[in-house]
Amino acid sequence: DLARMRLVTVFVSLTTLDDELKRVLEPRAASPAARLRVIRALADAGVPAGVLLAPMIPALNDHEMERLLDAAAGAGATRAAFMLLRLPHELGQLFEQWLREHYPARADRVLSLLRDSRGGRLNDPRFGHRMRGEGPYARMLSARFQAASRRLGLDRQRSVELDTSQFLHDPQAPRQGSLFS
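So the sequence shown is numbered by this note's numbering: it starts at 4 and just counts up by one.
This is the structure we're talking about:
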C-alpha cells in the first residue's frame with residue numbers, strides 16, 4: 004500500500020558479488036545473493052527499489068562496479084547510487100590495521116587512492132565531497148558509474164517523488180529545538 008501511495012522507496016546496499024570478499028569485509032551481513040533477492044522481492048511487490056554500491060573501496064571492490072549494477076538491474080532495481088569509502092575519526096586507523104592484516108599486498112595502493120581522493124587524508128568531511136571524493140580516481144569512478152547506470156537505465160529515476168501531502172502533522176506536537184538559539 005505504501006508503494007502504491009508513493010510513500011516509500013528502498014535502497015539496498017551491495018558491496019561485492021564475491022562471497023569470499025564479503026566474508027572478510029562484512030562477516031555478519033547478508034550475502035550478495037540475499038541482497039539481490041531483497042531487491043527482486045521489493046520490485047515484484049511494486050516497491051521502488053534501488054541499489055547503493057557502498058562502500059566502494061579503491062583496488063579492493065571497485066573493479067566490480069559494473070557487475071554490481073548489472074546484477075542489481077537484473078534483480079529489478081530502477082535506480083542506483085554509490086559511495087566512496089569514508090573513514091571519519093578513528094575509523095581510518097582501524098581500517099588501515101584491518102587492511103594490512105587481510106590484504107597486505109594491496110594496502111598501500113588502497114590507502115594511496117583514498118588519500119588522492121580525499122585531499123591527502125583518509126577522510127574529507129565536506130558536504131558534497133565526503134560521499135564521492137575528488138581528483139582523478141574519484142572522477143574516473145564517477146564516470147564509470149554514470150556510464151553503467153545510463154546503459155542499464157538506472158539513471159532514469161534518481162528518486163521517486165514521494166507524496167508528502169499524505170503525511171500528517173500534529174499541530175500539538177512540540178517543535179524541535181534549535182541548536183543555535
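Virtual Cβ for every residue (Gly too), placed ideally from N, Cα, C.
None of the values given here were measured: they were computed from a predicted structure.
Residue i, buried or exposed, once every other Cβ within 10 Å from all chains shown has been counted against 16
| i | result |
| --- | --- |
| A32 | exposed |
| F170 | exposed |
| M59 | buried |
| E67 | buried |
Whole-angstrom distance between residue j and residue i, CA atom to CA atom
| i | j | result |
| --- | --- | --- |
| L155 | L117 | 27 Å |
| L144 | A80 | 20 Å |
| R112 | L10 | 43 Å |
| D21 | P35 | 8 Å |
| H172 | L56 | 34 Å |
| A6 | T12 | 7 Å |
| A62 | R70 | 15 Å |
| A75 | V54 | 6 Å |
| D127 | D166 | 34 Å |
| P107 | G95 | 16 Å |
| S16 | A44 | 15 Å |
| T18 | D65 | 9 Å |
| E29 | L90 | 16 Å |
| M134 | S168 | 30 Å |
Endpoints, beta strand (DSSP E) assigned at residue i
| i | result |
| --- | --- |
| V15 | V13 to L17 |
DSSP bridge partner residues for residue i (one or two, in chain order)
| i | result |
| --- | --- |
| R82 | G53 |
| L87 | M59 |
Bounding residues of the alpha helix (DSSP H) (the contiguous stretch that carries residue i)
| i | result |
| --- | --- |
| Q100 | L94 to H105 |
| D111 | A110 to S120 |
| E23 | D22 to L28 |
| D47 | P35 to D47 |
| F148 | P139 to L155 |
* Spell out a yes or no on whether the segment 99-108 and the segment 41-52 are touching, meaning 3 or more CB-CB pairs, one atom from each, closer than 8 Å. => Here the segment 99-108 makes no contact with the segment 41-52; the two share fewer than three CB pairs at distances below 8 Å.
* Count the C-beta pairs between the segment 169-182 and the segment 119-131 that are closer than 8 Å, then say yes if the count reaches three, no if not. => By the criterion of at least three beta-carbon pairs nearer than 8 Å, the segment 169-182 is not in contact with the segment 119-131.
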